[in-house]
Amino acid sequence: MKLFYFAWVRDKMGRDGEQIQLPEGIHTAGEFIEWFKDRGTAEAEVIGASEMVKMAVNQEYAGPSHPISDDDEVALFPPVTGG
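In the numbering used here, the protein residues as written are 1224 to 1306.
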């Protein structure tokens, strides 16, 4: 899976993305978030702001039940505002 970080999420993670392999048993966006927050301190802080962090799978907003796989591109980012 290609994992991308944008805006302050990128700053908190210290990189703009990474290539990962999903652990067995992770099949939805919600399961991914639960796994991701246990990876380390930065990840926990990013997910701790979960009301502000959005997720996209293959460039489409994804809710907790959205399916994910190792072939997907996943992005974590703050809400986008217009003006």
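Ideal placement from N, C-alpha and C gives every residue a C-beta, glycine not left out.
Since the structure is predicted, the reported quantities are computational estimates derived from the model, not experimental observations.
From residue i to residue j, what does the alpha carbon distance come to, in whole angstroms?
i: Thr1280; j: Phe1259; result: Per the sequence presented here, residue 1280 reads as Val, with Thr not at that position. So the two alpha carbons sit approximately 15 Å from each other.
i: Phe1229; j: Ile1249; result: 23 Å
i: Gln1282; j: Glu1296; result: 8 Å
i: Ala1205; j: Ser1292; result: Residue 1205 is absent from the model: the chain starts at 1224 and stops at 1306.
i: Glu1254; j: Thr1264; result: 18 Å
i: Asp1261; j: Ala1267; result: 6 Å
i: Tyr1284; j: Ile1256; result: 14 Å
i: Gly1237; j: Leu1245; result: 21 Å
i: Gly1240; j: Met1278; result: 14 Å
i: Gly1286; j: Ile1243; result: 20 Å
i: Gly1271; j: Glu1247; result: 24 Å
According to the neighbour-count rule (16 or more other Cβ atoms, all chains shown, within 10 Å of its Cβ), is residue i buried or exposed?
i: Ala1198; result: Since the first residue of the chain shown is 1224 and the last is 1306, residue 1198 is not available in this structure.
i: Met1275; result: exposed
i: Val1232; result: buried
Where does the unbroken beta strand (DSSP E) through residue i begin, and where does it stop?
i: Val1280; result: Lys1277 to Val1280
i: Glu1247; result: Counting along the chain, Glu1247 falls outside any beta strand (DSSP E), and DSSP gives it neither H nor E.
i: Phe1227; result: Lys1225 to Tyr1228
Could you spell out where the alpha helix (DSSP H) holding residue i opens and where it closes?
i: Ala1298; result: No alpha helix (DSSP H) holds Ala1298; the beta strand (DSSP E) holding it covers Glu1296 to Phe1300.
i: Gly1237; result: Neither: Gly1237 is in no alpha helix (DSSP H) and is coded neither H nor E.
Since residue i and residue j should fall inside the 8 Å C-beta cutoff, what is the C-beta to C-beta distance between them, to a whole number of angstroms?
i: Val1269; j: Lys1225; result: In fact, because the Cβ distance is near 17 Å, the residues do not count as touching under 8 Å.
Counting only beta-carbon atoms, is residue i nearer than 8 Å to chain C?
i: Glu1254; result: In summary, chain C is missing from the structure at hand, where a single protein chain is found.
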